[in-house]
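Peer 1: Can you read through this structure? Questions will come right after.
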Amino acid sequence: MSKKVRWGILSTANIGMQKVTPGIMASEHSEVVAIASRDLGKARAAADKLGIAKAYGSYEALFADPDIDAIYNPLPNHLHVPMTVAAAKAGKHVLCEKPIALNAADAEALRQCPPDRIVLEAFMVRFHPQWQRAREIVRSGELGDVRAINAAFTYFNADPNNVRNQADIGGGGIMDIGCYPITAARFLFEAEPKRVVSLVERDANFGTDKLASVIADFGNGRQLSFTCSTQTTPHQRVLVLGSKAKLEVIIPFNAPPHERTAITVDTGAPFDGSLARREILPAVDQYTEQAEAFALAVLGEKPLPWGIEDAIASMRVIDAVFESEKTGGWATV
C-alpha cells in the first residue's frame, strides 16, 4: 500500500515540534505537508526547521487546504474542541491532544463532527507495545483477579507563563497528567469507573491543582488510586495488583523512543522482587505508533478502537474528580 495520509500541524506548540510531528513524519503511511500558526513567521520558521513544505498564517487557511487529509491539534486545552470541530467540518480527520476538552459538556460538542471523520484523543501510550503487552497479561489471567491499580505521575513546573499553570485555559495537574492514570485503568480494567473521590491542593497564585490524590471505584471490587502533581519531583509508575501476581510498567507514560522498555510480573515471593519475571519490549516511538494507527484508520485499513465517545467518557471521570474536590465526598461518574 503506497498511499499516505497528508497531515497539517495546527500551531507550533512544543509537544508538536519536539515529539508528535517528528513521530508523524516517521510513520510509514504519513507525510506532514503543512503547518500553521497565527504568526506566519513562526509557521515558516517551524516549517523550515522540520522540513515541511507549506506554512500558513492562520488555522483557517490550513483547514481550507484540499491537499490535507488530517490535522494534528496540540493547541491549549480550551481550543481543542472548537478547532477540532472546525477542522472536521472542513473535511479533515483530527488527532487532538489530551485532554480533549475542558469538561464533558465541552467534549460533547465534538458530536457535531461529521460521522465519517475520525477524531481521536492523543493518548499515545495506548499504542506502545508495553501497554499492549500489559493488557495481554491481565487478560490471560496470570495476575488472577485484578483488584487494584496504583499509579503516580509527577513533575515540577512553577513557570507562571506555562499553559499548564493557567487555570482559565484548562491548566493544572489533573488535566495535564492525571488523565493518564485514568486512561491506564480504563485501558487495563476495560471498564468505566462508577464513582471517584479526590483530595486536591491548589497553588495559591495560579489557582491550578498542584497536587491531587484520587480513588476511583470501578465496581466488582476493582479500584484505581493515583497521585499526580505539577510541583513535586519527577516520577511515574503504574502498578497492577492481582490476586495471584502483580505487574509493573516501569516507565509507563514517557517511554523513551530509542530505548527498550520493561514490565515486570511478580508473585510477591520473595518480597524484594528478585525473582520477578522481567519482560523487555522493543524500542518504539509511541508517537509514531499512534500516527501509523491513525493513518491506517484514515486509509480504511484498520479501524481505531477509540473515538469521540471514549474521549467524552474520559472527561466525565475528570469532571467527577473536580466535583469531589468541591463536595469533599464521592462523586458519581
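The sequence shown stops at residue 1292 when you use this note's numbering, and every number in between is there. Every residue, glycine too, gets a C-beta built ideally from N, C-alpha and C. Model, not experiment: these values are computed from the prediction.
Please report the distance separating the alpha-carbon of residue 1264 from that of residue 1220.
Peer 2: Reading the sequence shown from its first residue, position 305 is the one you call residue 1264. Reading the sequence shown from its first residue, position 261 is the one you call residue 1220. One C-alpha to the other measures close to 24 Å.
Peer 1: How would you call residue 980, buried or exposed, if buried means at least 16 neighbouring beta carbons within 10 angstroms?
Peer 2: Within the sequence shown, numbered from 1, the residue matching residue 980 stands at position 21. With 16 or more other Cβ atoms within 10 Å, it is buried.
Peer 1: Alpha carbon to alpha carbon, how far is residue 1273 from residue 1173?
Peer 2: Indexing the sequence shown from 1 puts residue 1273 at position 314. Indexing the sequence shown from 1 puts residue 1173 at position 214. Near 15 Å, if we compare the C-alpha coordinates of residue 1173 and residue 1273.
Peer 1: Based on Cα-Cα distance, which residue from 1066, 1284, 1257 lies nearest to residue 1168?
Peer 2: Residue mapping note: residue 1168 aligns to position 209 of the sequence shown, counting from 1. Among 1066, 1284, 1257, the Cα nearest to that of residue 1168 belongs to 1284.
Peer 1: Which residues does DSSP pair with residue 1187 in a beta bridge?
Peer 2: Walking along the sequence shown from the start, residue 1187 turns up at place 228. In the DSSP output, where bridge partners are listed per residue, residue 1187 has 1112, 1171.
Peer 1: On the three-pair Cβ rule with 8 Å, is the segment 1127-1139 touching the segment 1147-1154?
Peer 2: no
Peer 1: Between residue 1133 and residue 1277, is the Cβ-Cβ spacing less than 8 Å?
Peer 2: Here the question's residue 1133 lines up with position 174 in the sequence shown. Here the question's residue 1277 lines up with position 318 in the sequence shown. One thing to note: residue 1133 has its Cβ within 8 Å of the Cβ of residue 1277.
Peer 1: Do you know whose CA, among 1281, 962, 1020, lies nearest residue 1307's CA?
Peer 2: The question about residue 1307 has no answer here: the residues shown for the chain are numbered 960 through 1292.
Peer 1: Could you tell me the distance, in whole angstroms, from the CA atom of residue 1082 to the CA atom of residue 1019?
Peer 2: If you number the sequence shown from 1, residue 1082 lands on position 123. If you number the sequence shown from 1, residue 1019 lands on position 60. Near 25 Å, if we compare the C-alpha coordinates of residue 1019 and residue 1082.
Peer 1: Which first and last residues belong to the alpha helix (DSSP H) in which residue 1039 is found?
Peer 2: By one-based count along the sequence shown, residue 1039 stands at place 80. Counting along the chain, the alpha helix (DSSP H) containing residue 1039 begins and ends at 1039-1048.
Peer 1: Let me make sure I understand the geometry here. Which of 1205, 1211, 1017 has the alpha-carbon closest to that of residue 1194?
Peer 2: Start at 1 with the first residue of the sequence shown, and residue 1194 comes out as number 235. Checked all of 1205, 1211, 1017; the closest Cα to residue 1194 is 1211.
Peer 1: Since residue 1152 contacts residue 1177 with CB under 8 Å, what's their CB separation in whole angstroms?
Peer 2: Numbered from 1 along the sequence shown, position 193 holds the residue referred to as residue 1152. Numbered from 1 along the sequence shown, position 218 holds the residue referred to as residue 1177. 5 Å between Cβ atoms; contact.
Peer 1: If we call anything under 8 Å between Cβ atoms a contact, is residue 1104 one with residue 1017?
Peer 2: Numbered from its first residue, the sequence shown carries residue 1104 at position 145. Numbered from its first residue, the sequence shown carries residue 1017 at position 58. For residue 1104 and residue 1017, no; Cβs fall outside 8 Å.
Peer 1: Return the CA-CA distance between residue 1217 and residue 989, expressed in angstroms with no decimal places.
Peer 2: Within the sequence shown, residue 1217 is the residue found at index 258, counting from 1. Within the sequence shown, residue 989 is the residue found at index 30, counting from 1. Computed Cα separation, rounded: 20 Å.
Peer 1: Where does the unbroken beta strand (DSSP E) through residue 1067 begin, and where does it stop?
Peer 2: Taking the sequence shown and counting its residues from 1, one reaches residue 1067 at position 108. Premise fails: residue 1067 lies in the alpha helix (DSSP H), 1063-1067, not in any beta strand (DSSP E).
Peer 1: How would you label residue 1162, buried or exposed, when you count the other beta carbons within 10 angstroms and need 16 or more for buried?
Peer 2: If you number the sequence shown from 1, residue 1162 lands on position 203. With 16 or more other Cβ atoms within 10 Å, it is buried.
Peer 1: Quick check on residue 972: does DSSP put it in helix, strand or coil?
Peer 2: In the sequence shown, the residue the question calls residue 972 occupies position 13. Coil.
Peer 1: Restricting to runs no shorter than 4 residues, where is the alpha helix (DSSP H) found entirely within the segment 1200-1262?
Peer 2: 1245-1257
Peer 1: To test your reading of the DSSP string, which unbroken alpha helix (DSSP H) runs of 4 or more residues are found completely within the segment 961-1010?
Peer 2: Look at the segment 961-1010 and you find these whole runs of alpha helix (DSSP H), each 4 residues long or longer: 980-984, 999-1009.
Peer 1: According to DSSP, residue 1192 sits in a beta bridge with which residue or residues?
Peer 2: Here residue 1192 corresponds to residue number 233 of the sequence shown, with the count starting at 1. Residue 1192 pairs with nothing; no bridge assigned.
Peer 1: From the DSSP output, which residues share a beta bridge with residue 1180?
Peer 2: The residue you call residue 1180 lines up with position 221 of the sequence shown. Answer is none; residue 1180 lacks a bridge partner.
Peer 1: Identify the continuous beta strand (DSSP E) that holds residue 1027 and give its terminal residues.
Peer 2: Counting from one through the sequence shown, the residue named residue 1027 turns up at place 68. Premise fails: residue 1027 is in no beta strand (DSSP E) and is neither H nor E.
Peer 1: Nearest CA to the CA of residue 1238: which residue from 1286, 1249, 1089?
Peer 2: Taking the sequence shown and counting its residues from 1, the one referred to as residue 1238 is at position 279. Looking from the CA of residue 1238, the closest CA among 1286, 1249, 1089 belongs to 1089.
Peer 1: Indicate the three-state DSSP secondary structure (helix, strand or coil) for residue 1138 in the structure shown.
Peer 2: In the sequence shown, residue 1138 corresponds to position 179, counting from 1. If DSSP states are grouped into helix, strand and coil, residue 1138 belongs with the helices.
Peer 1: Let's test the definition: count the other Cβ atoms within 10 Å of the Cβ of residue 1124 and tell me whether it reaches 16, buried, or not, exposed.
Peer 2: The residue given as residue 1124 occupies position 165 in the sequence shown. Flag for residue 1124 reads buried.
Peer 1: For the beta strand (DSSP E) containing residue 1155, name the first residue and the last one.
Peer 2: Numbered from 1 along the sequence shown, position 196 holds the residue referred to as residue 1155. Note, residue 1155: beta strand (DSSP E), 1154-1161.
Peer 1: Mind the definition here: the segment 1002-1011 touches the segment 969-980 only if three or more C-beta pairs lie below 8 Å; say whether that holds.
Peer 2: yes
Peer 1: When DSSP builds the beta bridges, which residues end up paired with residue 1198?
Peer 2: Within the sequence shown, residue 1198 is the residue found at index 239, counting from 1. Residue 1198 pairs with 1109, 1207.
Peer 1: What does the alpha-carbon distance come out to for the pair residue 1293 and residue 1246?
Peer 2: Look at the range of the chain in this structure, 960 to 1292, and you will see that residue 1293 is not part of it.
Peer 1: If you follow the alpha helix (DSSP H) that residue 1080 is part of, which residue opens it and which one closes it?
Peer 2: Looking up residue 1080 in the sequence shown gives position 121. Careful: residue 1080 lies outside any alpha helix (DSSP H), inside the beta strand (DSSP E) at 1078-1080.
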